[in-house]
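Numbering (my numbering), first residue to last: 293 to 370. All residues carry an ideal CB built from backbone N, CA and C; glycine is no exception. Please read these numbers as outputs of a predicted model, since none were measured by experiment.
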């Protein structure tokens with residue numbers, strides 16, 4: 293009784309095709325999951341924040357705390 297020969301012809305090519313298809317499927321799945329799970333949620337939260345954010349009130353809060361400090365130059369130096 294003879295044993296069958298192993299299929300070694302085009303083994304690398306067939307394995308590479310199979311691995312490429314698996315890698316492509318996994319990467320697309322991960323990208324879609326990130327897009328809908330993380331990116332869309334962040335975008336929604338940023339839009340909500342920007343709807344309720346008041347630039348003028350924020351500026352006044354920072355101004356009252358003394359965040360904006362600048363020097364126009366001393367008139368005594370002249």
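Just checking my contact of residue i with residue j at CB under 8 Å: how many whole Å lie between their CB atoms?
| i | j | result |
| --- | --- | --- |
| residue 388 | residue 354 | Residue 388 lies beyond the residue range present for the chain, which begins at 293 and ends at 370; the question has no answer from this structure. |
Could you check what DSSP says for residue i in three-state terms: helix, strand or coil?
| i | result |
| --- | --- |
| residue 323 | helix |
| residue 333 | helix |
| residue 302 | coil |
| residue 318 | helix |
| residue 346 | coil |
| residue 310 | helix |
Alpha carbon to alpha carbon, how far is residue i from residue j?
| i | j | result |
| --- | --- | --- |
| residue 351 | residue 330 | 30 Å |
| residue 294 | residue 300 | 18 Å |
Using a Cβ-Cβ cutoff of less than 7 Å, which residues in the same chain neighbour residue i once the five nearest sequence positions on both sides are dropped?
| i | result |
| --- | --- |
| residue 332 | none |
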